[in-house]
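Participant: According to UniProt numbering, the sequence shown is numbered sequentially starting from 1.
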Amino acid sequence: MSEAAPPRRALVRRFRALPLRSRLAILVATAVAVAVAAVAVACWFVTRAQLEDQLDDSLRNAKMDNEPMRDLLTSCLSGGQLPAQEFPGQYTVQIVAANGSYCTAPNTTPVPAQPSDVDVAAGRKTDALHTTENKDGKDMRVYTRKLPVVGSGQANNQLAVSVARPLSEIDAPLSTLAWVLALVGGIGVVGAGAAGLWVARAGLRPVDELTEAVEHVARTEDLTVRIPVDGEDEIARLSHSFNSMAAQLASSRDRQAQLIADAGHELRTPLTSLRTNVELLARSDETGRVIPPDDRKALMASVKAQMTELAALIGDLQELARPDAAQPGPLQVVGLHDITRTALQRARLRGPELTITADLAPWYVRAEPAALERAIVNILDNAVKFSPPRATIDVHLHRGELSVRDRGPGIPAEELPHVFERFWRSPSARQLPGSGLGLSIVARTIQQAGGEIALRPAPDNGPGTVATIRLPGAPTPPPGM
C-alpha cells in the first residue's frame, strides 16, 4: 500500500496541474464512461440471462417420443448392432444409464455423463440442468430427464435421456453485443469528452475574461477595465464583484492621489514661509547685518507658528493614514456628557478670554472614547479659533444632540457643503492656523459611531455658526455599567 500511494499522489498532482477546462472535460468523460460501462454491463448480463433461459426452455421442450428417439433407444439396447437415425438440428441426444455409461446418436460428439445425469437415471432426481464440455472441448448446455415412454413399451427405469446444445449459440451473439456496446460506449465517451470540453470552454469563457482583466490590471495598473455582466449566476456575481472591486480600487487610488496632491499643496505654503524666514536669519548671520530686535522677534514668532502648523498638519495626516483609520476601534458605552465636559476644560484653557456656557444632560452612547473626545475637541477648537475676543460660546447636550454655537464670522451658505472635505478651508480661514483636515476627521469619527454632524448658520440670523452632532444612545447607562 505504501508503494501504491506515491504514484496515486503523483497522479493527483498531475491532474490538478491541468487547466480547469481539461479537468472538467476529463471528469465529464469519466462520469459518462462509468455510466455507459454500468449500462453496458447490465445490458450484457440481462441479455445473457434471457438467452440462457431461452436455451434452457428449448432443451426442456425438446420432443423425445418421436421416431429418431425410438431408433436411438433400440440401437443402444442392442449394443449398437441396430442402426439409429440422426437427430435433426443442433441437438445432441444420448441415453444415460444408471451405471454411468451413455450412448450417443450417430454423427454427434458425445458428452460425458455427469453425476447429476446418473442420479436422474437411477431415479434419485427427476431432472438435471448443467453446463459441461463434450469430447471436443466445446461447452454444452445439458438437460437430463427420465427416459419417456417410447412407442408402446415402457422405458427402462434405469435409463435417462440427455439433450444438449452448444453454448456457442448464445456466446456468439453475446460477443457481438459486447463489441457493439464497447463501440457505442467508446463513441459516447469520446463524444462526452468533446461535449464536456465545449461546455467547459463555453461555461468558463467569463472566467477567461475575468482572468484576462486581472492580468491586464496587474500588467498595466489600469483600473478602468470592466467585465460585461450577463445573467444572475455565480459567474455573473463574480464578474459584478470584480467590477465593484476595480471601481473601489480606482476610487481609492484617486483619493490617495488627491490626498497626496492636497497634502503637498498644504505643506508647500508653511515650508515656503519657513524657508524664507530661515534664509533671512541665515543671511543675517552670514553678512553680519543685524536684524532689528523687533523684526527678529517677529521672524522667530513666524517660524514658531509655521512649525506649529506643520506639526498639526503632520499629526492630522498621520491620523488619516492610520491602518485602522477606516475601521473604528473597540466600542464602549461612554457618557457623551462626561467626554464633552472634559473637552470643555481643554477649550477654556485655549480661550481664557472667552465665555463658554454649558448645559449638558446625561446621554450614553457606544463609541471609541479617544476618537470621540478628539472629535469634540476639534469642534470646540474651531469655535474658539473663530470667536472674537470676549465672545460667548454656547454648548448644549439634550437627548443625544450636542450643539456648539460660536459668535464668529460664520460660514457662507455656498461654502457649507464643502466644510467636511479634506484640506478645504474657507477664504476667510486661510489666514488662520490649521490644516483643513479637522472637520474631515470629525465627520469620519461621528459616522463610525452611527451619528450625524452638520454645520448651519445661527438660527437667530446673528453672528456665528452652529455645529450639531447627533449620536444614538440613551439617557441612562445600561445595567452593570
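Ideal Cβ placement from N, Cα and C applies to all residues, glycine included.
Using a Cβ-Cβ cut-off of 7 Å (strictly less than) and excluding sequence neighbours within five positions of PRO389, which residues of its own chain qualify?
Facilitator: Reading the sequence shown from its first residue, position 389 is the one you call residue 389. The residues are GLU353.
Participant: On a CA-only basis, which of VAL163, THR104, ALA97 is nearest residue 482? Give me that one, please.
Facilitator: Only positions 1 to 481 of the chain appear in the structure, and residue 482 is not among them; the question remains open.
Participant: Cβ atoms of ALA105 and LEU77: under 8 Å apart, would you say?
Facilitator: The residue you call residue 77 lines up with position 77 of the sequence shown. The residue you call residue 105 lines up with position 105 of the sequence shown. No, these two residues do not count as a Cβ contact at 8 Å.
Participant: DSSP on THR109, reduced to helix/strand/coil?
Facilitator: Start at 1 with the first residue of the sequence shown, and residue 109 comes out as number 109. In this structure, THR109 counts as coil in the three-state DSSP scheme.
Participant: Hey, could you find the ends of the beta strand (DSSP E) THR211 is sitting in?
Facilitator: One-based indexing of the sequence shown puts residue 211 at position 211. Where THR211 is concerned, there is no enclosing beta strand (DSSP E), although the alpha helix (DSSP H) it sits in stretches over 205-220.
Participant: As an exercise, report each continuous alpha helix (DSSP H) stretch of at least 4 residues that is fully enclosed by the stretch 12-65, in chain order.
Facilitator: Taking only runs of at least 4 residues, the alpha helix (DSSP H) segments lying wholly in the stretch 12-65 are 20-60.
Participant: Tell me HIS396's beta-bridge partners as DSSP assigns them.
Facilitator: Here residue 396 refers to the residue found at position 396 of the sequence shown. DSSP output for HIS396 lists ASP359, SER403 as bridge partner(s).
Participant: Starting from GLN94, trace the beta strand (DSSP E) both ways and give me its first and last residue.
Facilitator: In the sequence shown, counting from the first residue as 1, residue 94 sits at position 94. 92-97 is the span of the beta strand (DSSP E), which, as asked, contains GLN94.
Participant: Taking the straight line between their C-alpha atoms, what separation do you get for ALA298 and ARG470?
Facilitator: Working through the sequence shown from its first residue, we reach residue 298 at position 298. Working through the sequence shown from its first residue, we reach residue 470 at position 470. Roughly 43 Å between the two C-alpha positions.
Participant: Scan the stretch 160-195 and note each continuous beta strand (DSSP E) run of 3 residues or more that stays entirely inside, going in chain order.
Facilitator: Segments of the beta strand (DSSP E) lying fully in the stretch 160-195: there are none.
Participant: Determine, using beta carbons only, whether ASN61 comes closer than 8 Å to chain D.
Facilitator: The displayed structure is made up of one protein chain only, and chain D is not part of it.
Participant: Report the CB separation of VAL207 from ALA246 in whole angstroms; it is logged as a contact under 8 Å.
Facilitator: Within the sequence shown, numbered from 1, the residue matching residue 207 stands at position 207. Within the sequence shown, numbered from 1, the residue matching residue 246 stands at position 246. Going by Cβ atoms, the distance from VAL207 to ALA246 rounds to 16 Å, so no, they are not a contact pair.
Participant: Between the beta-carbon of ILE411 and the beta-carbon of THR355, is there less than 8 Å?
Facilitator: Taking the first residue of the sequence shown as position 1, residue 411 is located at position 411. Taking the first residue of the sequence shown as position 1, residue 355 is located at position 355. No, the Cβ-Cβ distance between ILE411 and THR355 is not below 8 Å.
Participant: Under the three-state reduction of DSSP, which class applies to ILE469: helix, strand or coil?
Facilitator: Walking along the sequence shown from the start, residue 469 turns up at place 469. Strand, per DSSP.
Participant: Consult DSSP for PRO7 and reduce its assignment to one of helix, strand or coil.
Facilitator: As a working mapping, residue 7 is identified with position 7 in the sequence shown. In the structure shown, PRO7 sits in a helix (DSSP, three-state: H, G or I).
Participant: Rounded to whole angstroms, what is the Cα-Cα separation between ALA458 and LEU344?
Facilitator: Residue numbering aside, residue 458 sits at position 458 when the sequence shown is read from its first letter. Residue numbering aside, residue 344 sits at position 344 when the sequence shown is read from its first letter. Answer to the nearest angstrom: the Cα atoms are 21 Å apart.
Participant: I think ILE405 touches VAL384, with their Cβ atoms under 8 Å apart; what is that distance to the nearest whole Å?
Facilitator: Sequence index remark: in the sequence shown, residue 405 carries index 405 (1-based). Sequence index remark: in the sequence shown, residue 384 carries index 384 (1-based). Residue 405 is actually Arg in this sequence, not Ile. Rounded, the Cβ-Cβ distance is 13 Å, inconsistent with contact.
Participant: Quick one: residues in its chain with C-beta nearer than 6 Å to the C-beta of ARG289, no 5 flanking neighbours on either side, listed in chain order?
Facilitator: The residue given as residue 289 occupies position 289 in the sequence shown. Once the five neighbours on either side are set aside, ARG289 has no close Cβ partner at all.
Participant: Are the stretch 220-228 and the stretch 185-203 in contact at 8 Å, needing three or more beta carbon pairs?
Facilitator: No, the stretch 220-228 does not touch the stretch 185-203.
Participant: Quick check on the DSSP output: the alpha helix (DSSP H) that includes VAL384 runs from which residue to which?
Facilitator: Position 384 of the sequence shown holds residue 384. 369-386 is the span of the alpha helix (DSSP H), which, as asked, contains VAL384.
Participant: In terms of residue numbering, what span does the alpha helix (DSSP H) encompassing VAL333 cover?
Facilitator: For the purposes of this step, residue 333 is taken as residue 333 along the sequence shown, with counting starting at 1. Segment 332-335 is the beta strand (DSSP E) holding VAL333; no alpha helix (DSSP H) there.
Participant: Under the three-state reduction of DSSP, which class applies to THR132: helix, strand or coil?
Facilitator: Along the sequence shown, read from residue 1 onward, the residue named residue 132 stands at position 132. Strand, per DSSP.
Participant: When the distance is taken between beta carbons, is PHE420 closer than 8 Å to ALA391?
Facilitator: Taking the sequence shown and counting its residues from 1, one reaches residue 391 at position 391. Taking the sequence shown and counting its residues from 1, one reaches residue 420 at position 420. Cβ atoms of ALA391 and PHE420: not closer than 8 Å.
Participant: So the candidates are VAL214, SER175, GLU373; which of them puts its Cα closest to the Cα of SER241?
Facilitator: By one-based count along the sequence shown, residue 241 stands at place 241. Comparing Cα positions, the closest option is VAL214.
Participant: Nearest to GLN158 by alpha carbon, out of THR126, GLN248, ALA49?
Facilitator: Taking the first residue of the sequence shown as position 1, residue 158 is located at position 158. Ranking the options by Cα distance to GLN158, first place goes to THR126.
Participant: Please report the residue range of the beta strand (DSSP E) in which VAL229 lies.
Facilitator: For the purposes of this step, residue 229 is taken as residue 229 along the sequence shown, with counting starting at 1. Counting along the chain, VAL229 falls outside any beta strand (DSSP E), and DSSP gives it neither H nor E.
Participant: Would you grab the beta carbon distance between GLN114 and THR132 for me? Rounded to a whole angstrom, and I think it's under 8 Å.
Facilitator: The residue you call residue 114 lines up with position 114 of the sequence shown. The residue you call residue 132 lines up with position 132 of the sequence shown. Right, their Cβ atoms sit about 6 Å apart.
Participant: Between the alpha carbons of GLU286 and LEU280, how many angstroms are there, rounded?
Facilitator: The residue you call residue 286 lines up with position 286 of the sequence shown. The residue you call residue 280 lines up with position 280 of the sequence shown. Distance between the alpha carbons of GLU286 and LEU280: 10 Å.
Participant: If you reduce the DSSP assignment to three classes, tell me which class PRO478 lands in.
Facilitator: Counting from one through the sequence shown, the residue named residue 478 turns up at place 478. Here PRO478 sits in coil by DSSP.
Participant: Would a C-beta distance cut-off of 8 Å place ILE376 and THR340 closer than the cut-off?
Facilitator: In the sequence shown, the residue the question calls residue 376 occupies position 376. In the sequence shown, the residue the question calls residue 340 occupies position 340. Their beta carbons are under 8 Å apart, which means ILE376 touches THR340 by this criterion.
Participant: Using CA atoms only, rank isn't needed, just tell me which of SER101, THR108, ASN107 is closest to VAL118.
Facilitator: For this step, residue 118 is matched to residue 118 along the sequence shown. When only C-alpha atoms are compared, the closest one is SER101.
Participant: Do you know whose CA, among LEU147, ARG255, SER273, lies nearest ALA62's CA?
Facilitator: Your numbering for residue 62 matches position 62 in the sequence shown. Out of LEU147, ARG255, SER273, LEU147 has the C-alpha closest to the C-alpha of ALA62.
Participant: Just verifying my parser: in three-state terms, what is the DSSP assignment at LYS304?
Facilitator: As a working mapping, residue 304 is identified with position 304 in the sequence shown. In the structure shown, LYS304 sits in a helix (DSSP, three-state: H, G or I).
Participant: Determine the DSSP secondary structure at residue 484, reduced to helix, strand or coil.
Facilitator: Residue 484 is absent from the structure shown; the chain starts at 1 and stops at 481.
Participant: Could you check if PHE45 is buried or exposed, using at least 16 other CB atoms within 10 Å of its CB as the buried criterion?
Facilitator: Locating residue 45 in the sequence shown gives position 45, counting from the first residue. Exposed is the call here.
Participant: Output the distance between the C-alpha atoms of ASP222 and ARG205, rounded to the nearest integer angstrom.
Facilitator: As a first step, residue 222 is located in the sequence shown; it is residue number 222 there, counting from the start. As a first step, residue 205 is located in the sequence shown; it is residue number 205 there, counting from the start. Going by the C-alpha atoms only, they are around 21 Å apart.
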